[in-house]
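Trainee: Residue numbering for the sequence shown is -19 to -1, 1 to 653, as defined by mature numbering (1 follows the signal peptide of the UniProt record, and there is no 0).
Handing you a structure now.
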Amino acid sequence: MQSFSFIFFLSLVLELSSAADTIVSMQSIIKGETLVSSGQRFELGFFSPGDSRNLYLGIWYKNSSRTIVWVANRENPLTDSYGVLTLAKNGNLILTDRKNQTVWSSNSSRAEVPVAQLLESGNFVVREKTNTNPENYIWQSFDFPSDTLLPGMKVGWNFKTGLNRVLTSWKNVSDPSRGESTYEFDNLGLLQLVSRKGSEKIFRSGLWNGLQFSGSVLTVNAVFKPNVVYDNDELYYMYEANDNSVVTRMTLTDSGSIQRLLLNQGSGEWNVMYTAPNDMCDVYGNCGANGICRISKRPICECLKGFVPKQPKEWEVLNWIGGCVRRIPLTCQKGEGFLKLEGVKLPDLVQYWLNKSMSLEECEAECLKNCSCTAYANSDIRNGGSGCLMWFGDLIDIREFIDEEGEEDFYIREPASELGQRTKEDLDMPLFDFVTIVRSTNNFSCTNKIGEGGFGPVYKKLPQDRPAMSSVVFMLGNEGSPLPQPKHPGFFIERSSTGADVSTRVEACHTDSAVTITMMEVYQPRTAVHLSQLCIISTLHNHSNFNTLVTSGYSMLTITSLVGMGDIVTKDSLELVFSDPKIVRASAVVCRLMDDMVSHKKKQSTSFRYDAWKDINEECLYPTFVPMPILTRVLNLARVIDVLYKDEDCYTHAGTVLKAFVISMVIDPVPL
């Protein structure tokens, strides 16, 4: 008899071990017992999060320090450290406490021969024993997500059952109950995913345009493939891993941000692949109403063309939440038209109208007929574009993408006066054609040459409509004749149609057959620059010896200083330096001015250095994706160059000034 009992017990153990991912009718799991998916990726059992003593039933990654992806009884924990999960005969999963009171159940009750199985996808399902078709699952955990979206899991609606699948954050690391943050579909005729904290929108994916979400830059990638389905039965977003060996998940944090993570299977640590909001331009409505966010600009927020800040003083301190208002109100008069913005995240659907059958031309005409229409765009960009989406009132949450990340074109209504205005606001100075330059300098005659320096030969322009004035000499290295008193550098600043400075160089490289003219932004007082001020470089030889800010080597010095800083130096940090940002140019200007103008009177260069330092300070104060230690390295030489040059040549005669300065900064620093 004892032998029979032992054999029966052994057979039961072998049956359980061979079916470690499954329980059958009336079988139970208690604390300390788990189900493990067939490929050993996921495990189901009881756990206590953080420093909590409460007990929960959940699913976690088996080999990654128990990362929880699903919780059954998140709103009703087991408080006595005891729990039993049982599969009832009718297919209902029931979680009971020590007093046999039901704490949680799946509410599934139509199975004949049910089994509950933990799949390799992380989905815990109840099904008929002989039916493995996913469409026939009686119940599945994927329909009731917690804070994590796994590959194959859906966010969105099942119209047949009325089920809305929503990601909800944990309250905190020790409490998996529903927090304030949610991530779900906004179904307003056009689709977009929105994360909220309470009622406040934190981030939105942008509108689905038939190919992608207009605000998502990670739609196409090597790790996962997204999919959006919208038909009579369902509306959902899901993603599939391109390679099943790559472990990835998406998690909603308690702050309302979305994180894409990849598992480093060597260390068992999770690496963040992407975060949304990913930058300040991803933060919902960061630039206020009728503002546009450009992450490559400083400051990042601007008013749309034809708009001005509603609260100018707030904008001066980088508080953009008040947004912008029209400079000239729309009056629905003849001559109104539209300004095209390319590659943008379309505004949120606050007040809008949608017609999916209209063409873009019909949409424009419809918008012009409606005096309340403020903008329009195609609702679907596939096959050349179709559909009409019109906005009314303020335009909220627009951002511009760079490097062709966004494909949306957007048309903003403007009064006739704004569409035709392109004079003083677009150019700080008018540009000259080559014929005018040749005539004004007497074909680059040597009699017009007034000196030579760091930028090569400097010519004076002979104006036709005013008294002759000498060109201003800037950064001279080897003066060949007595110099006029410097007032303004002889360079122009061109502005783009958006009002942003276009940084280019002024060069006129004169050869026997051609002359090339470009423009360069330099730091100068924002005062009127006379048309007579012009700097010309006349030969290809001089052009090759062009001693500009580029040759100061500041970018190379910065890159060299980043060596040894460790993981803080990312690809984005290096690309920032190589892209010649304002902080690098400004720092180079400071060094060049101290180097090339040290023999001039201090007042001649003070204003230029003030402008450069203003740009440096702005770069360090504005929100940026580059860590502050990187920016500090960029400006380090600019911080000490003044000490190296004032009073004496401190390169070769360190004296007491430089020595005391180094001691104060390095040996006995003053805390900031």
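Built from N, CA and C at the ideal position, the CB exists for glycine as well.
1. Roughly how many whole angstroms lie between the Cα atoms of residue 501 and residue 561?
2. For residue 389, which three-state DSSP category applies?
3. Can you give me the start and stop residues for the alpha helix (DSSP H) that residue 539 sits inside?
4. Between which two residues does the alpha helix (DSSP H) containing residue 553 stretch?
5. Taking residue 89 as the reference, which of 80, 81, 82, 67 has the closest Cα?
6. Three or more C-beta pairs under 8 Å: does that hold for the region 292 to 305 against the region 343 to 361?
7. Within this structure, are the beta carbons of residue 303 and residue 271 separated by less than 8 Å?
8. I need the straight-line Cα distance from residue 370 to residue 219, nearest angstrom please.
9. Identify which residue in 160, 44, 9 has its Cα closest to the Cα of residue 38.
10. Compare the beta carbon distance of residue 356 and residue 394 with 8 Å and say whether it is the shorter of the two.
11. Starting from residue 348, trace the beta strand (DSSP E) in both directions and tell me its first and last residue.
12. Sort out for me which residues DSSP pairs residue 229 with in a bridge.
13. Using the C-alpha atoms, what's the distance from residue 7 back to residue 1?
14. The alpha helix (DSSP H) that contains residue 294, what's its start and end?
15. With H, G and I counted as helix, E and B as strand and the rest as coil, what does DSSP make of residue 192?
16. Could you check where the beta strand (DSSP E) with residue 174 kicks off and where it finishes?
17. Over what stretch of residues does the beta strand (DSSP E) that includes residue 356 continue unbroken?
18. Shorter than 7 Å, the distance from the beta carbon of residue 235 to the closest heavy atom of the ligand FMN, or not?
19. Looking only at its chain, what residues have a beta carbon closer than 8 Å to the beta carbon of residue 273, apart from the 5 residues adjacent to it on each side?
20. In this structure, how does DSSP classify residue 94 when only helix, strand and coil are distinguished?
21. Check for me: the alpha helix (DSSP H) holding residue 320 runs from which residue to which?
22. Does DSSP classify residue 613 as helix, strand or coil?
23. Helix or strand or just coil, what does DSSP make of residue 570?
24. Under 8 Å between the Cβ atoms of residue 52 and residue 157?
25. Quick check: the Cα distance between residue 169 and residue 333, rounded to an integer number of angstroms?
26. Only counting runs of 3 or more residues, tell me where the beta strand (DSSP E) segments fall wholly within the region 94 to 164, in order along the chain.
27. For residue 33, tell me which candidate among 543, 93, 154, 138 has the shortest Cα-Cα distance.
28. How long is the line joining the alpha carbons of residue -11 and residue 17, rounded to whole angstroms?
29. Closer than 8 Å by C-beta to residue 83: which residues in its own chain qualify, once you throw out the five before and the five after it? Chain order, please.
30. Tell me, to the nearest whole angstrom, how far the beta carbon of residue 147 is from that of residue 103; I am working on the premise that it is less than 8 Å.
31. Using only the alpha-carbon positions, how far apart do residue 241 and residue 315 sit?
32. Are the CB atoms of residue 137 and residue 215 within a distance shorter than 8 Å?
33. Here's a check: name, in chain order, each residue in its chain whose Cβ is nearer than 7 Å to the Cβ of residue 195, leaving out the five neighbours to either side.
34. Check the C-beta distance from residue 263 over to residue 184 and give it rounded, since I have them as a contact under 8 Å.
35. Work out the CA separation of residue 57 and residue 40 for me, nearest whole Å.
36. Looking only at its chain, what residues have a beta carbon closer than 8 Å to the beta carbon of residue 555, apart from the 5 residues adjacent to it on each side?
Mentor: In short, the structure shows the following:
1. Because the pLDDT of residue 501 is 31, which lies under 50, any placement of that residue in the model is unreliable, and the number read from its coordinates should be weighed accordingly. Answer to the nearest angstrom: the Cα atoms are 13 Å apart.
2. coil
3. 535 to 542
4. 552 to 559
5. 67
6. no
7. no
8. 25 Å
9. 9
10. yes
11. Not the beta strand (DSSP E): residue 348 falls in the alpha helix (DSSP H), residues 341 to 350.
12. 243
13. 16 Å
14. 293 to 297
15. coil
16. 172 to 178
17. 354 to 358
18. Looking at this structure, you won't find the ligand FMN or any other ligand, since it has none at all.
19. 282, 283, 284, 285, 322, 325, 379, 380, 381
20. coil
21. Unbroken run through residue 320 is the beta strand (DSSP E), 318 to 323; no alpha helix (DSSP H).
22. helix
23. helix
24. yes
25. 10 Å
26. 95 to 99, 105 to 109, 136 to 139, 144 to 146, 148 to 153
27. 154
28. Note that residue -11 scores 46 on pLDDT, short of 50, meaning its location in the model is unreliable and no value can be drawn from it.
29. 75, 76, 77
30. The Cβ separation is near 18 Å, so there is no contact.
31. 50 Å
32. yes
33. 187, 188, 326, 327, 387, 389
34. 6 Å
35. 16 Å
36. 540, 543
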